[in-house]
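Report on one structure; see the data block that follows.
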Amino acid sequence: MESLIHHFKLFSEGYSVPPGETYAAIEAPKGEMGVYLVSDGSNRPYRCKIRAPGFAHLAGADFMSRGAWLPDMVALIGTMDLVFGEVDR
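Using full-length UniProt numbering, the letters of the sequence shown correspond one by one to residues 1 to 89.
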């Protein structure tokens, strides 16, 4: 019964993380994916920022599209294999 109560409290309230910040990065199929977390000591993060690989690819679109026509952007975006859900800020 004690473990059931402990599990319920953990599930409903979450972990209490000590104050601090961390950045973790993994190698995803399209590049580096990073997560930046800042904790103020409560059970909810103070800040959580997720950096998807497509965001760095989209930042290079300006350099790659110099001298190109507007219809070339369709091929350029298709080449970068962007998912606009992950680059939406």
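We treat Cβ as the ideally placed atom computed from N, Cα and C, and that holds for glycine.
All values derive from a computational prediction rather than experimental measurement.
Inset, instruction - Assuming Gly-34 contacts Ala-24 (C-beta within less than 8 Å), just tell me the rounded distance between them. - result: 7 Å
Inset, instruction - With a 10 Å radius around its C-beta and 16 neighbouring C-beta atoms as the bar for buried, classify Gly-67 as buried or exposed. - result: That one is exposed.
Inset, instruction - Measure from the alpha carbon of Tyr-17 to the alpha carbon of each residue in Ser-39, Glu-86, Tyr-46 and Cys-48, then state which is nearest. - result: With the sequence shown as reference, residue 17 is identified as Val, and Tyr is not the correct amino acid for it. Checking every option, the nearest Cα to that of Val-17 belongs to Ser-39.
Legend entry - Asn-36 to Ala-52 span [Cα, whole Å]: What sits at residue 36 in the sequence shown is Tyr, not Asn. Cα to Cα, the separation comes out at about 11 Å.
Legend entry - Limits of the beta strand (DSSP E) - the one that Ala-28 falls within: 20-28
Inset, instruction - Just the C-alpha distance for residue 101 and Pro-29, rounded to the nearest angstrom, thanks. - result: Residue numbering for the chain in the displayed model covers 1 to 89; residue 101 lies beyond these limits and cannot be assessed.
Inset, instruction - Thinking Leu-76 and Met-64 are a contact (beta carbons under 8 Å), I'd like their distance in whole angstroms, please. - result: 6 Å
Inset, instruction - Please report the residue range of the beta strand (DSSP E) in which Leu-10 lies. - result: Run containing Leu-10: none in the beta strand (DSSP E); it sits in the alpha helix (DSSP H), 2-13.
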